[in-house]
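Encoded as structure tokens, the structure appears first; notes follow it.
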Ligand code: HEA
Ligand code: HEA
Ligand code: CUA
Ligand SMILES: [Cu+2]
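Residue numbers (the working numbering), protein chains in the order written: chain A, 1 to 289; chain B, 1 to 378; chain C, 1 to 528.
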């Protein structure tokens, strides 16, 4: 059932978006209630609906693509779409990086009297000393004080290597795909997925270390806040990316991709590189300097 | 409750509308423009404001006249035939450069004024101003004078009675004014105990946000004695509109006298906490403190606005162990609007208001708290 | 499986499905455009009704109708609903209707996602509106929701507000991606970038602004959420954060946001004025460059909303200079429009009236913006009704007027019916007189010292408030009248010709029938 390669495919009607909206609202209403003491069930149901929606929606797209209903122009729309979606994600991270830079460059020095804030330090926080990573907050009683900051050269460095390697393996898989080498493609992808989940596992391990042994929590002042939100959102994105890679791996095994036509693969690979680059930013600005 | 009130009163203004409209115009003394103010900087700002406004006026008149002329003459009904020109790099450049030049002409005096505005060094008097939901604390640095200023009692009554014309300075009068000397550079140090407020007195051209955890500075050099009124200018919650400021600028000797009097008052207050108070005295004092300080949240009848502001009538805290009651009033509860009132109220006030709460709104605990108890708990 | 494509003309006449499910499942850009426009109108009426509560309370001094806390909720919800519910969806609706027709495309590039962009919104707004009925009341911290009033001191319903904002963000980003993909990928052969109508250009730029700043807003509300519930201290000095940081993050979104609400308006006006002047737009390419400059500058001026928060003086100077610079490209636009009218052969149908109203009153709003941009003077203007007057001139007589103008201009193309010209003219004059009675006196109020966001005021502000309220009621009624015109036009009316306006240009007028067929261009049109 091959529709034309010379016309732009316009689907007729779809039920997935409305299911997605219902799922999304159920999730967030459930979560808001959860924050005020209700159980997690509603959130769970909502998430299940969202996952069902994604499964169905992407499933349909995969089918249509396999049936050759997308011409080169549709492919291009997907490319623009994915590219600018990733850009929007970059801006989401930018907000948190912005918070990090603001704290490091402005609010912490200001609390210690920098710039036009001499009186702030003198009258409000006479005992506070600016530092980064900030362990001793202006008002330590309100917060969990960490023992010390997270170093860069232990686990985070290993994780950097893990992610960078996974960037290489995914590129290797891509080259294999373009050369129609199924074995190397599957091998490269499987390695990438494994490295991705390894990263997540190591990150979880690091969290438990930070939480239990260092007493470094979200409630450890601005350092803990930026640390957990940045690494947390990044970790979430790695998990998403690795899951998508896993799906691509399965599709590769099933033989869904051809050397000419494999945008799904490329989209996920782009996403993976994006996750990689964000990590480099994290490694440098959160852990290292 | 909100809706009942809404529907009940919805039509009142509509019917009263026209009559009020015309009668109020008869004796209107409305202001159209920004005040020149009474400080050096307020005059500079006023001049700058006039400059920019006139520029906009002139540019506007030119643009709108050209447009109006075109609309009048280049219309089809007058037989105008459309010409076809649609590009000219020359004019585009001109109308990029001319506005740019105008902007530079504005930027020069604006920069000078801004630099001046931001320079609060070399001041003669320093006053720390703390915004608190919904009042101001003033602390004269180095003078040992500190007090809280909030909406005056007559004003409070006028608000609850919804009769704005029953008082002279509706929403612009306080129980305790801040007094400052003229012809001195007064530095203000702004901070906040809770949310962001902004301290604004138009005549002094001081508007500065009070940010919790930080201190912002601003200054005024007042050239004319008088009473200057302003109010909070940053949304700070329910009673943002009821947070007035009154500054009284006086000569230096009068200012000195006022400082001495304030110190005396404070000393008397401190001494009064050692004396034994009777139930009746405490209740009377407590009622006025309650009205001024607590009623904003807990309501005049102690009903509160649950669930955000709990009722005190039959409240387990206000009818339970007195220690718990004293504790929450003195130390507040972090993360809620309930403030640590030990930094705002005197021993006597605290003792009185706690006693009052335990024996009003249908609460009949019967005990009383002595100021000395509070003093020992500080 | 349905494999409908736009292929082979086999469904040139393929009309829409019927019933409610048509609208729920539709992937057609015109249907989705219609949905957006109706949502926007409903939101305008809702937000407008809230404005009426505000104006009724402020009719006289003294607390008359509502509690202060509820008043603050009204202000907050009014702002949020107007910005996110009325203006933005209206522009997205117009984009959906017009962009494919203007560039010669069969539909939007990603039709299913297009449906989702829309269908998130009703859920988001229901959630937002439901907060008003929750214990403790709705959000009451202004549409700018400054911390810590919106974190530590906010009612429980704030979490629903936060998630509603997240959902609106998702919707906007998807909508923007779709617009970009459509414009960059779906143009008919020969439709080069510099041949695109300005509405398409301004929307392309707007879409970039959206993608760049909506995620930042999502970040801001996420930080709020964790500050509220997970012990972080982004906006708490005690932990090394700063409440003012919230404002930086917010306004990094917020300032480009106001240009998101005006750039498509510039595009609309640039379509209407040449049509009724019967003369090509003056300075097309400088219009494109000016729009792009405005967009770029808009990322660099955000802290002009924060001149009183105590920034270091170098920051204030920089933000002042950058802010007033925006007047230059905006001025170029105004001058180009005036020159387009110059020596034209003008007629004054309703769209043209609203467009002229736009040019005049937007300029007035722009002038007050310029005044606000002068930092030292903003000390006096900030958070007063002068600011309220400024942004209503640019938003109501700017953005909203452009949307109304767009409606009158394109509705014959959408429905095949002409609107009633007399009623349209009445609508214009009624609105324009009322809106000036409504907002012009607010300049005086602000200069005389009336702060914004207060439920009650000192008696010296009585007269102008009363005038303003009267204007407000009149303007509100005018929009109810508009609703009547809209319905009347949809139901029937004089049959529109394909070109509709004598001087109209553009693919949608030159190459499509009125009403436009369900699928616009199944085969790409010829571009001359
Ligand atoms: C559509 C929305 C829109 C638009 C287009 C604008 C346009 C501008 N705005 Fe406005 N603004 C808002 C929406 C908008 N604004 C909103 C919603 C707020 C309040 C937010 C809140 O706090 O709730 C706000 C607040 C606001 C402030 C903060 C005020 C305060 O809180 O203290 C400032 C300060 O600089 C400002 C400046 C400007 C400037 C310089 C422009 C310029 O772009 C205007 C440029 C146009 C002209 C100048 C006119 C035409 C030009 C000429 C004819 C050329 C020649 C002219 C000269 C050089 C004199 N705006
Ligand atoms: C984006 C667009 C937008 C639009 C279109 C409007 C439209 C209007 N606005 Fe809005 N306004 C904002 C954006 C907008 N506003 C923002 C962002 C704020 C800041 C919020 C904040 O401080 O956080 C604000 C704040 C604001 C204030 C200040 C509130 C305060 O500081 O406390 C006021 C006060 O007069 C006001 C009035 C009005 C009025 C009368 C209209 C009118 O134009 C509305 C006209 C429309 C209708 C009235 C609807 C149709 C009629 C009905 C549904 C039937 C009912 C009619 C009658 C009873 C007559 N607005
Ligand atoms: Cu304090 Cu507003
Ligand atoms: Cu702005």
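Using N, Cα and C, we set each Cβ at its ideal position, and we do this for glycine too. Predicted, not measured: the structure shown is a model, and the values here were computed from it.
Measuring C-alpha to C-alpha distances from residue 253(B) to each of 162(B), 183(B), 277(B) identifies 183(B) as the nearest.
For the stretch 228–252 of chain B, the set of residues with a beta-carbon nearer than 9 angstroms to any beta-carbon of chain C comprises 229, 230, 231, 232, 233, 234, 235, 236, 237, 238, 239, 240, 241, 242, 244, in chain order. Counting of Cβ neighbours within 10 angstroms places residue 133(C) among the exposed residues, the total staying below 16.
C-alpha of residue 446(C) to C-alpha of residue 299(C): approximately 27 angstroms in a straight line. Of all C-beta pairs linking the stretch 470–483 of chain C to the stretch 70–90 of chain C, fewer than three are shorter than 8 angstroms, placing the two stretches out of contact. About 6 angstroms separates the beta carbons of residue 394(C) and residue 362(C), which is inside the 8 angstroms limit, making them a contact pair.
Ordered by chain, the residues meeting the criterion of a beta-carbon within less than 5 angstroms of a non-hydrogen atom of ligand 3 are 197(B), 232(B), 236(B), 240(B), 243(B). For the stretch 208–236 of chain A, the residues whose beta carbon sits under 9 angstroms from a beta carbon of chain C are, in order, 217, 218, 219, 220, 221, 222, 223, 224, 225, 226, 228, 229, 233. Along the stretch 199–217 of chain B, the positions whose C-beta sits under 7 angstroms from a C-beta of chain A are 213, 214, 215, 217, read in chain order. Collapsing the DSSP output to three states places residue 297(B) in a helix.
Residue 78(C) has its Cβ nearer than 7 angstroms to a heavy atom of ligand 2.
The stretch 416–424 of chain C and the stretch 106–124 of chain C do not touch, with fewer than three beta-carbon pairs separated by less than 8 angstroms. For the stretch 454–465 of chain C, residues whose beta-carbon sits nearer than 9 angstroms to a beta-carbon of chain B comprise 454, 455, 456, 457, 458, 459, 460, 461, 462, 463, 464.
At a cut-off of 7 angstroms, the beta-carbon of residue 255(C) counts as near ligand 4: some heavy atom of the ligand is closer than that.
Within chain C, no residue has its beta carbon less than 8 angstroms from that of residue 225(B); the closest one is some 20 angstroms off.
In this structure, the straight-line span from the alpha carbon of residue 229(A) to that of residue 108(A) is close to 18 angstroms. With fewer than 16 other Cβ atoms from the protein chains shown falling within 10 Å of its own Cβ, residue 148(A) counts as exposed. For residue 76(B), the residues of chain C that pass the 8 angstroms Cβ criterion are 278, 345, 346, 347, in the order they occur in the chain. Nearest neighbour of residue 248(A) by Cα position, chosen from 209(A), 259(A), 189(A), turns out to be 189(A). Counting only the Cα atoms, residue 287(A) lies some 16 angstroms from residue 211(A).
Straight-line spacing of the CA atoms in residue 189(C) and residue 236(B) works out to 56 angstroms.
In this structure residue 168(C) touches residue 121(C) by the C-beta definition: roughly 7 angstroms separates them, less than 8 angstroms.
The continuous alpha helix (DSSP H) containing residue 108(A) extends over residues 108–111. Residue burial is scored here from C-beta neighbours: residue 141(C) has at least 16 other C-beta atoms within 10 angstroms and is therefore classed as buried.
Burial is judged here by how many other beta carbons sit within 10 angstroms of a residue's own beta carbon; residue 90(B) has fewer than 16 and is exposed.
Separation of residue 213(A) and residue 36(A) (C-alpha to C-alpha, rounded to the nearest whole angstrom) is 29 angstroms.
CA-to-CA, the gap between residue 515(C) and residue 47(C) works out to about 31 angstroms. At a cut-off of 8 angstroms between C-beta atoms, residue 71(C) does not count as an interface residue with respect to chain A. Between ligand 1 and the CB of residue 293(C), the shortest heavy atom gap is not smaller than 7 angstroms.
The criterion of a C-beta distance shorter than 8 angstroms is satisfied by residue 68(C) and residue 238(B).
DSSP places residue 249(C) in the helix class (H, G or I) of the three-state scheme. At a cut-off of 8 angstroms between beta carbons, residue 191(B) contacts chain A. Note: residue 208(B) is bridge-paired with 199(B) in the DSSP secondary-structure output. Going by beta carbons, residue 220(C) and residue 103(A) fall outside the 8 angstroms limit. A check of alpha carbon separations from residue 100(A) across 140(A), 114(A), 181(A), 227(A) identifies 227(A) as the nearest. Counted as a single uninterrupted DSSP element, the stretch harbouring residue 242(B) is not any alpha helix (DSSP H), since DSSP gives it neither H nor E.
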